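Basically our numbering = 1-based index in the sequence shown + 1009.
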Amino acid sequence: MEKATFGGGCFWGVEAAFRKVKGVVSTSVGYMGGHFPNPCYLDVLSRITGHAEVAQVEYDPEKVSYEQLLDVFWSIHDPTTLNRQGPDRGEQYRSVIFSTIKNK
């Protein structure tokens, strides 16, 4: 199994999209990319932590490729809108990808 983490608006919507993908084994949501240890929702909402809302995706690369996951990611949000997706506004809703896979 491999993992990748995506942020593109509210993490519940991002997670819901990836849960539908065949080959995705599990998903979880949280915060990444900030400078504040163990932030909670109110910390991130205050916009002082630097974190983004993200969904971590664990997937079977034999059933779905990283490139296919990227296709899903690009289709579910607009990466050209700075720090917002739809009605969600703020740095925590930015478009971001974290990967643990070398050469990705």
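For glycine and all other residues, C-beta sits at the position ideal for the given N, C-alpha and C.
Here the structure is a predicted model, which is why all the values come from computation and not from measurement.
In the same chain as W1021, and ignoring 5 residues on each side of it, no C-beta atom comes closer than 6 Å to its own. DSSP places S1074 outside both helix and strand once states are collapsed to three, so it counts as coil. The segment 1030-1049 and the segment 1065-1074 touch, with no fewer than 3 CB-CB distances between them shorter than 8 Å. A distance below 8 Å separates the beta carbons of H1060 and F1045. For E1024, the CB contacts under 7 Å within the same chain, skipping 5 residues up- and downstream, are T1036, V1038 and A1064 in chain order. Taking the C-beta atoms as reference points, A1026 is found no nearer than 8 Å to S1108. When only Cα atoms are considered, S1055 and K1072 end up about 39 Å apart.
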